[in-house]
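Colleague:
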Amino acid sequence: MMDLTLSLILIPPPPLYIYIYYIYTHTHTHTQKQEILNMGTLDLKPAIQDLKVAIQETTLIHPSSHGTLENKSIFLSNIDQVLNFHVQTVHFFPANPDFPPETTVARLKNALEKVMVAYDFLGGRLKFNHQTGRLEIECSQSGVGFVVATTEYSLDEVGDLVYPNPAFMQLIVQALDKFDDQPLCVLQVKNAVN
Numbered sequence: 002m003m004d005l006t007l008s009l010i011l012i013p014p015p016p017l018y019i020y021i022y023y024i025y026t027h028t029h030t031h032t033q034k035q036e037i038l039n040m041g042t043l044d045l046k047p048a049i050q051d052l053k054v055a056i057q058e059t060t061l062i063h064p065s066s067h068g069t070l071e072n073k074s075i076f077l078s079n080i081d082q083v084l085n086f087h088v089q090t091v092h093f094f095p096a097n098p099d100f101p102p103e104t105t106v107a108r109l110k111n112a113l114e115k116v117m118v119a120y121d122f123l124g125g126r127l128k129f130n131h132q133t134g135r136l137e138i139e140c141s142q143s144g145v146g147f148v149v150a151t152t153e154y155s156l157d158e159v160g161d162l163v164y165p166n167p168a169f170m171q172l173i174v175q176a177l178d179k180f181d182d183q184p185l186c187v188l189q190v191k192n193a194v195n
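Just so you know, we're using our numbering here: the sequence shown kicks off at 2 and counts up by one.
1) Return the residue from the list D178, V83 and G124 that minimises the CA-CA distance to S143.
2) By a C-beta neighbour count over all protein chains shown, 10 Å radius and 16 as the cutoff for buried, is P167 buried or exposed?
3) For V148, name the three-state secondary structure that DSSP assigns.
4) Since Q82 is in the alpha helix (DSSP H), which residue starts that stretch and which ends it?
5) Mind checking which residues open and close the alpha helix (DSSP H) that includes N111?
6) Could you tell me the alpha carbon to alpha carbon distance between V148 and Q171, rounded to whole angstroms?
7) Taking the C-alpha atoms as reference points, what is the distance between T32 and D51?
8) Using only the alpha-carbon positions, how far apart do V83 and L61 sit?
9) Less than 6 Å between C-beta atoms, sequence neighbours within five positions excluded: which residues of the same chain meet that for P184?
10) In angstroms with no decimal places, state the Cα-to-Cα distance between H131 and F76.
11) Is it the case that the Cβ atoms of S141 and N192 are separated by a distance below 7 Å?
12) Shortest alpha-carbon distance to E137 belongs to which of T59, A176 and D81?
13) Determine the burial state of T151: buried for a count of at least 16 other Cβ atoms within 10 Å of its Cβ, exposed for fewer.
14) Taking the alpha-carbon of K110 as reference, which of R126, G134 and E58 has the nearest alpha-carbon?
15) Are S74 and E139 closer than 7 Å when you measure CB to CB?
16) With burial defined as no fewer than 16 other Cβ atoms inside 10 Å of the residue's Cβ, what is the status of Y20: buried or exposed?
17) Establish whether the CB of D157 and some CB of chain C are separated by less than 7 Å.
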């Protein structure tokens with residue numbers, strides 16, 4: 002059986018980035034236990050500081066009906082123009098044993114292609130409109146980033162998932178070095194090597 006970890010990072014424009022990460026790791030037979038000590042403190046085992054994340058594949062996913070979508074620009078409000086910060090969250094879920102990582106990767110790619118037909122702006126890019134002097138989203142069908150990575154650790158080995166761990170930042174793709182322009186949306190799938 003494997004655990005599924007979903008990391009959802011929403012970053013409001015500009016730049017408008019949406020990162021969604023899925024992490025597959027093996028489950029141990031025991032569950033992590035916490036001992037509640039006096040005065041309300043928790044006795045936690047030390048958290049792993051290096052998750053040993055290795056990127057295996059980086060691609061761009063395009064809408065399934067690529068030719069039917071129109072190229073357009075989406076206006077960004079004044080709030081979108083001014084606020085430029087990242088909101089990052091990580092979510093962990095148990096995986097379905099009926100779906101191995103390869104099946105999950107294929108299904109996520111297929112689902113993303115279909116979703117992008119209705120949400121075409123996800124495959125767009127942030128651009129500067131020289132006429133208005135404002136940033137806007139160009140729905141150019143340039144594609145959504147899709148990253149497949151591996152990690153050596155199970156969720157039990159990572160430690161307590163309730164408390165923040167600086168190592169969780171390793172789960173976030175900051176930029177796709179392979180591409181000149183950065184996608185507004187990046188989906189990342191991680192699975193355990195062991």
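In this text, a Cβ means the ideal position worked out from N, Cα and C, and glycines have one as well.
Modeller: Quick answer:
1) G124
2) exposed
3) strand
4) N79 to V83
5) P102 to A119
6) 13 Å
7) Model confidence at T32 stands at a pLDDT of 39, short of 50, so the residue's coordinates are unreliable; what they give is reported in the following sentence. Roughly 21 Å between the two C-alpha positions.
8) 28 Å
9) V145 and G146
10) 13 Å
11) no
12) D81
13) buried
14) E58
15) yes
16) Note that Y20 scores 43 on pLDDT, short of 50, meaning its location in the model is unreliable; the coordinates nonetheless yield the value given after this. Buried, since its Cβ has 16 or more Cβ neighbours within 10 Å.
17) Structure shown: chain C not included; a single protein chain is present.
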